[in-house]
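With the working numbering applied, the sequence shown covers 12 to 354. Where is the CB? At the ideal position from N, CA and C, for every residue including glycine. Here's the structure we're looking at; comments come further down.
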Amino acid sequence: MKEKIKEIHSKALSDISNANVLDELTNIRNIYLSKKSELMSFMSKMKELSHEERISFGQLINSVKEDISSRIEEKRISLEEEKLKDQLNKEIVDFTLPGRDHSKGSKHPFNAIVDQVCEIFIGMGYQIAEGPEVETDEFNFELLNVPKGHPARDMQDSFFIDDSLLMRSQTSPVQARVMLSKKGIGPIKIISPGKVYRRDDDATHSHQFGQIEGLVIDKNINMGNLLSTLELFAKAMFGEKREVRMRSSYFPFTEPSVEADISCFECGGKGCSLCKGTGWIEILGAGMVHPNVLRMCGFDENEYQGFAFGIGIERVAMLKYGIDDIRKFYTNDKRFNKQFYKE
Ligand code: DAH
12 MKEKIKEIHS KALSDISNAN VLDELTNIRN IYLSKKSELM SFMSKMKELS HEERISFGQL
72 INSVKEDISS RIEEKRISLE EEKLKDQLNK EIVDFTLPGR DHSKGSKHPF NAIVDQVCEI
132 FIGMGYQIAE GPEVETDEFN FELLNVPKGH PARDMQDSFF IDDSLLMRSQ TSPVQARVML
192 SKKGIGPIKI ISPGKVYRRD DDATHSHQFG QIEGLVIDKN INMGNLLSTL ELFAKAMFGE
252 KREVRMRSSY FPFTEPSVEA DISCFECGGK GCSLCKGTGW IEILGAGMVH PNVLRMCGFD
312 ENEYQGFAFG IGIERVAMLK YGIDDIRKFY TNDKRFNKQF YKE
């Protein structure tokens, strides 16, 4: 029997040392140490032995049992270590890889200009007004003195949704909306930033772009008020030394109409590539609100006058920040966006 036990012992030890995975150890424990194992079956045969033999035999079985058990434990620890090492080797972390970029974004140059312009006019007592981007023909054209068939419609050949609805081609309809809401009673002093849509597409024109509309309605408003307002704006936006000049122009909703230029901030008026040698940069359209518009929008044109202006947001940003292509505003490239606005 002792021979048999020794045989089992050495077989167990070789099984343990040959084991390669943890599951095999569980099997080995079952085979050699469970109640039904061959080794344990010797226990039941002990009663056939004499007292002394029983003692030495019992000690032998116990020591073999303990030895197998502790060898299994040692092997388990070493297999677990191996498994961990293996895993660590497979899951290589490359500490030299650059980390993910969680850098903070910044205000988009478009919004930076909107905020600056709004701040300047809020400082002059203006309020912000808003209108819908899907606008009716009535507000976008008719109430602004542009009836059906008027040639001025051609320049704003736009995105119509049906016969009477379009993506607004200008922010000017907000003028009509605000005037009608006031039911003929002034004063009004608003600016209205927002998106507008036209069938345009080149380096300086986009099918979608931003405008800021301005409107002042009150008694005794004249062109001097318009000029001084634009001068204040030009100086705050482009520097103290800026001068403003008005050139006669045409818009259906203003009479007289002007285009306003500022003295070039690049060359100070001497003439350079930015101002195309003229010393002046065109910055916005403006004029005195047309009596037809006042009347159609519920104001008595004999009592009230007003001026209005429209500023292109991207155009101001392109001039101020030296951006050469309007499409860069819409590509959402952080490297572009971050260059202009500093907190
Ligand atoms: N709505 C004009 C445009 O899109 C800009 C404009 C010109 C607005 C003169 C005005 C204005 O309010 O008085 O071309």
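- M135 is bridged by DSSP to nothing; it lacks a bridge partner.
- Not a single heavy atom of the ligand DAH lies less than 7 Å from the C-beta of Q138.
- Approximately 5 Å separates the beta-carbon atoms of V304 and N156; this is inside 8 Å, confirming the contact.
- Closest in C-alpha terms to L154, from the list K287, Y352, R306, comes R306.
- Going by DSSP, I79 is part of the alpha helix (DSSP H) stretching over 62-101.
- Boundaries of the alpha helix (DSSP H) around L237: 234-249.
- With a cutoff of 8 Å on beta-carbon distance, P120 and Y352 are scored as near each other.
- Of the heavy atoms belonging to the ligand DAH, none sits nearer than 7 Å to the Cβ of E293.
- For Q167, the number of other beta carbons within 10 angstroms of its own is at least 16, and it is reported as buried.
- In this structure, DSSP gives K281 a state outside helix and strand, which the three-state scheme calls coil.
- The three-state reading of DSSP puts F340 in helix, counting H, G and I together.
- When DSSP states are grouped into helix, strand and coil, E266 belongs to the strand group.
- In chain order, I292 place their CB closer than 7 Å to the CB of L330, counting only its own chain and leaving out the 5 sequence neighbours on each side.
- The continuous alpha helix (DSSP H) containing K15 extends over residues 13-29.
- Looking at the backbone, the Cα of S169 and that of I103 are separated by about 58 Å.
- Of the candidates E277, K287, I324, the residue whose Cα lies closest to the Cα of L295 is I324.
- Secondary structure at T289: coil, using DSSP grouped into helix, strand and coil.
- Note on the segment 297-333: whole alpha helix (DSSP H) runs with a minimum of 4 residues are 302-307, 324-332, in chain order.
- When secondary structure is reduced to three states using DSSP, F220 falls in the strand class.
- For E314, the shortest C-beta to heavy atom distance toward the ligand DAH is 7 Å or greater.
- Spatial neighbours of Q138 in its own chain (CB-CB distance under 6 Å, excluding positions within 5 residues in sequence) are listed in chain order as I201.
- Taking the Cα positions, H218 is about 42 Å away from L108.
- Rounded to the nearest whole angstrom, the CA to CA distance from N231 to P198 is 11 Å.
- If you keep only unbroken beta strand (DSSP E) runs of at least 3 residues inside the segment 127-205, you get 145-147, 171-173, 176-178.
- At least one heavy atom of the ligand DAH lies closer than 7 Å to the C-beta of F262.
- With respect to the 8 Å criterion, S117 and N313 are not classified as neighbours on the basis of their beta carbons.
- Judged by DSSP secondary structure, E49 falls within the alpha helix (DSSP H) whose first and last residues are 49-55.
- Distances from the alpha-carbon of D34 to those of E84, G134, I131, D112 put E84 closest.
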